[in-house]
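Each residue of the sequence shown is one higher than the last, beginning at 180 in my numbering. To start, the structure itself, in structure tokens.
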Amino acid sequence: MTAIERIASAMVWVIAALAVVFLLAPLAITVAVSFGDSAVFSLPPPGWSMRWYERLPNTRGLSGSLFTSVQIAALSTAVSLVIGTLCAIALVRGEFRGREAIATFLVSPLMLPGLVVGIAMLQGFRSMGLRDAWLSLLAAHVVITMPYVVRTVLAALSLFDFTLVDAARTLGCSYAQAVRRVLVPALAPAFLTSGMFAFLASMDNYPISIFFTDAWTKTLPIQMLQLVEERPDPMIAAISTLLILLAILALIIGDRLVGLKRLADF
180 MTAIERIASA
190 MVWVIAALAV
200 VFLLAPLAIT
210 VAVSFGDSAV
220 FSLPPPGWSM
230 RWYERLPNTR
240 GLSGSLFTSV
250 QIAALSTAVS
260 LVIGTLCAIA
270 LVRGEFRGRE
280 AIATFLVSPL
290 MLPGLVVGIA
300 MLQGFRSMGL
310 RDAWLSLLAA
320 HVVITMPYVV
330 RTVLAALSLF
340 DFTLVDAART
350 LGCSYAQAVR
360 RVLVPALAPA
370 FLTSGMFAFL
380 ASMDNYPISI
390 FFTDAWTKTL
400 PIQMLQLVEE
410 RPDPMIAAIS
420 TLLILLAILA
430 LIIGDRLVGL
440 KRLADF
């Protein structure tokens, strides 16, 4: 390796390290502030305490909004896995014109600003007469989570050999049995990956959820915004730390079940 190559390699590692620090520093600061005993955001905190975590169970409206977020995220992820997988199979196996345009359309919610998508869905739901807050939230979250499923499963299906399904049928399996025994296990990593991303995206969504909540139906991000407006104390940092822990837990589960390298392939 020449001197120029060594310098270039060192610069790449330095830039990569700075990027990692830039991305992780806000998360580290949030975690540190959540364990402080100060009533305001201060770093370093004057002392260490669990007081903000102890206050979480008694915070008004927090448990209800958490239950709503988990419920909406779980249901929207399940619906997206079913519909998104069927769409991906149709795009891979179908013989029709405009497949690329349809695939782009299905993932378009990821390309548009959340506020634009939220306003469009609000107008669309109102014109269809859908005014129930919970159902509107569920439908909106299906729209924003399905692109994760379609994109991931589509990539997995492009690598799958469908002759294996035909081979299973020649060995006596029905079409449903062949799909369950051959296709589903092969797509399990894609299901897990897209399901994790879809669930986390639904749990953390704010710009679209704000258009469909009311006084009785609030998601966790909306409730967190209200808490910030009412009392901006480190309890918000404690909630954020738990959400960070949720993302880490999802990665650990994915690593144990599938492996991070295989997850990254999708």
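In this text, a Cβ means the ideal position worked out from N, Cα and C, and glycines have one as well.
Beta carbon of residue i, beta carbon of residue j: below 8 Å?
i, j, result
"S213", "A417", "yes"
"F378", "G297", "no"
"A312", "T392", "yes"
"L317", "I251", "yes"
"P326", "P288", "yes"
"V261", "L333", "no"
Figure out for me which residue from the options has the closest Cα to the Cα of residue i.
i, options, result
"A257", "T420, F376, L421", "F376"
"D412", "I432, L366, T238, T283", "T238"
"L366", "A187, V322, L241, G263", "G263"
"A394", "L241, R359, A426, G351", "L241"
"P225", "A429, A211, S337", "A211"
Quick test of your reading: residue i and residue j, contact by CB under 8 Å. State the CB separation rounded to the nearest angstrom.
i, j, result
"V328", "S255", "Contact doesn't hold; Cβ gap of about 10 Å is too wide."
"L399", "L245", "5 Å"
"A380", "T324", "6 Å"
"A357", "A347", "4 Å"
How would you call residue i, buried or exposed, if buried means at least 16 neighbouring beta carbons within 10 angstroms?
i, result
"W227", "exposed"
"M190", "exposed"
"V361", "buried"
"F284", "exposed"
"M382", "buried"
"A204", "exposed"
"M414", "buried"
Determine the DSSP secondary structure at residue i, reduced to helix, strand or coil.
i, result
"G433", "helix"
"I227", "As written in the sequence, residue 227 is Trp, which differs from the Ile given in the question. Of the three classes helix, strand and coil, the one that applies to W227 here is strand, per DSSP."
"G293", "helix"
"G303", "helix"
"G215", "strand"
"C352", "coil"
"F284", "helix"
"R359", "helix"
"A394", "coil"
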